[in-house]
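So in the numbering used here, the last spot in the sequence shown is 1095, and the numbers never skip. Beta carbons are placed, not taken as given, at the ideal position from N, Cα and C, and that holds for glycine. All figures in this text were calculated on a predicted structure; none of them were measured in a lab.
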Amino acid sequence: MPIPDGVRSETATTDRLETHWLETGPADGTPVVLVHGNLSSARFYDRILAGAPDGYRVVAPDMRGFGDSAKVAIDATRGLRDWSDDLAALVAHLGITDPVHLVGWSTGGAAIAHYAVDRPGEVASLTFIDPVSPYGFGATRDAEGTPTNPDFAGSGGGVANPDFVQRLADGDASADADTSPRNIMRAFYWSPEFSIDPAWEDDLTAEILKALIGDEGYPGDSTPSEHWPMVAPGTTGILNALSGKYCRWDDLVDADPKPPVLWTHGEGDQIVANGSVFDLAALGELGLVPGWPGPEACPPQPMVDQIRSVLDRYAAAGGSVRSEVIAGSTHGPHIDNDARWSELFWGFVGGV
744 MPIPDGVRSE TATTDRLETH WLETGPADGT PVVLVHGNLS SARFYDRILA
794 GAPDGYRVVA PDMRGFGDSA KVAIDATRGL RDWSDDLAAL VAHLGITDPV
844 HLVGWSTGGA AIAHYAVDRP GEVASLTFID PVSPYGFGAT RDAEGTPTNP
894 DFAGSGGGVA NPDFVQRLAD GDASADADTS PRNIMRAFYW SPEFSIDPAW
944 EDDLTAEILK ALIGDEGYPG DSTPSEHWPM VAPGTTGILN ALSGKYCRWD
994 DLVDADPKPP VLWTHGEGDQ IVANGSVFDL AALGELGLVP GWPGPEACPP
1044 QPMVDQIRSV LDRYAAAGGS VRSEVIAGST HGPHIDNDAR WSELFWGFVG
1094 GV
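So, in structure tokens, the structure goes:
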């Protein structure tokens, strides 16, 4: 399926890397930048790009290692700052000088938070779509992000399902197994009730399969651990960048100035959740991963509680925060309930 009418596909080399992006609207429009999540691309924003109101310049890049942008390593020790720095380089390349409205889905949420902290005054607003926790993904035990173990065992590149990784590497576009990329996308990216255009689903599956696979991309490298599940984060690749060992955006509370925040969350999200089905501690509690040492030693990560806690602190420190739970949606409300998400988002941006 082609990209939506009125949306342009562009590629250029910034001062950091070759970047591909989709864009709509006039060059002098109010700038909005949409940042996708892990194992996705700009194409996951097709409906938002197609429905953008007049007067906005909407840009959706493929982040490093994904889509049609350069397949270069991510330095996990920087958290998602490789992504936020890449994003800033693209904004500069496009000649955008006004503060930008930033949208971050899942992994992209950490990137836009970093952008706001590192570039005071350059962000008009922040919109989080089911963002990764401010304390990363996996291996923390409470709303304050306390590590379960000092080496963050149970997070990072070593926790990925090996069959899923192999299917990614093999370019498996089928629906032949529960662990095929297409079936993982169907099960977790949007609501089971959502009826997606089959041609768009084919394209989105193809976009996932463009990802850089291995130690430098997805899932990343790993190190052995003395703590269950006997694996800890390495230093390269996207899942390590998402580990709480390196991924922290609770410093958003101290941002000055504080851009207004909209947090949208799919009611049925199973990826970013208290007890995420991708958290090994939650799976251990369900008896699906052997050797789990119990709730005292290794409780499931309360991801939603952690997000709420940090945004409550942001509001208490003088920031403006609006939170919206989108009924009937899962991890991608901009996909499975784009009308409601768009109503919330464009209304929020228009009021800033």
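| Query | Result |
| --- | --- |
| So, with DSSP's three-state summary, where would you put Phe-880? | coil |
| Can you tell me whether DSSP reads Phe-937 as helix, strand or coil? | coil |
| Between Pro-972 and Gly-1030, how many whole angstroms is the CB-CB distance? I'm expecting something under 8 Å. | Actually they are not in contact, since the Cβ atoms of Pro-972 and Gly-1030 sit about 14 Å apart, beyond 8 Å. |
| Rounding to the nearest angstrom, what Cα-Cα distance links Arg-929 and Val-860 in this structure? | 34 Å |
| Is the region 1018-1025 close to the region 1035-1055, with three or more CB pairs under 8 Å? | yes |
| Looking at Gly-914: is its Cβ nearer than 8 Å to the Cβ of Gly-987? | no |
| How about Ala-819 and Tyr-989: do their beta carbons lie closer than 8 Å? | yes |
| Starting from the N-terminal side, write out each stretch of the beta strand (DSSP E) that is 3 residues or longer and does not extend beyond the region 1042-1089. | 1064-1069 |
| Ignoring anything shorter than 4 residues or poking outside the region 928-1001, list the alpha helix (DSSP H) runs there in chain order. | 941-951, 981-984 |
| Counting pairs of beta carbons, one from the region 825-833 and one from the region 787-797, are three or more of them closer than 8 Å? | no |
| For Ala-770, which residues from the same chain have a beta carbon less than 7 Å from its beta carbon, with the 5 sequence-adjacent residues on both sides left out? | Arg-800 |
| Taking the continuous alpha helix (DSSP H) assigned at Glu-1028, which residues delimit it? | 1023-1028 |
| So the candidates are Gly-749, Glu-1010, Thr-762, Gly-900; which of them puts its Cα closest to the Cα of Ala-975? | Gly-900 |
| Whole angstroms is fine: what's the gap from Ala-835's alpha carbon to Arg-1083's? | 31 Å |
| Going by beta carbon distance, what residues of the same chain come within less than 7 Å of Gly-768, once the five residues before and after it are set aside? | Ala-795, Tyr-799, Arg-800, Val-801 |
| To the nearest whole angstrom, what separates the beta carbons of Ala-813 and Glu-761, a pair I think is in contact under 8 Å? | 4 Å |
| Asp-873 and Gly-1009 - do their beta-carbons sit closer together than 8 Å? | yes |
| Is Pro-1002 buried or exposed, if buried means 16 or more other CB atoms sit within 10 Å of its CB? | buried |
| Can you round the beta-carbon distance between Asn-781 and Thr-850 to whole angstroms, since I take them to be within the 8 Å contact cut? | 4 Å |
| Jot down the residue ranges of each uninterrupted beta strand (DSSP E) in the region 841-881, minimum 3 residues, whole runs only, in chain order. | 843-848, 866-872 |
| Thinking just about the alpha-carbon of each residue, which of Ser-934, Ala-942, Asp-997 is nearest to the one in Ala-745? | The identity of residue 745 in the sequence shown is Pro, whereas the question assumes Ala. Of the candidates Ser-934, Ala-942, Asp-997, the one whose C-alpha sits nearest the C-alpha of Pro-745 is Ala-942. |
| Quick check: the Cα distance between Asp-885 and Val-750, rounded to an integer number of angstroms? | 43 Å |
| When you measure from the CB of Ala-785 to every non-hydrogen atom of the ligand GDP, does any distance come out below 7 Å? | By its list of ligands, the structure shown contains no ligand whatsoever, and the ligand GDP lies outside what it can speak to. |
| How long is the line joining the alpha carbons of Pro-1036 and Thr-891, rounded to whole angstroms? | 11 Å |
| Around the C-beta of Ser-968, are 16 or more other C-beta atoms found within 10 angstroms, so that it is buried, or is it exposed? | buried |
| Where does the unbroken alpha helix (DSSP H) through Ser-827 begin, and where does it stop? | 824-836 |
| Closest to Ile-839 by C-alpha separation, out of Val-776, Ala-1058, Gly-1090, Pro-935, would be which residue? | Val-776 |
| Mapping the DSSP letters down to three states, classify Thr-820 as helix, strand or coil. | helix |
| Within 10 angstroms of its Cβ, does Glu-766 collect 16 or more other Cβ (buried), or is it exposed? | buried |
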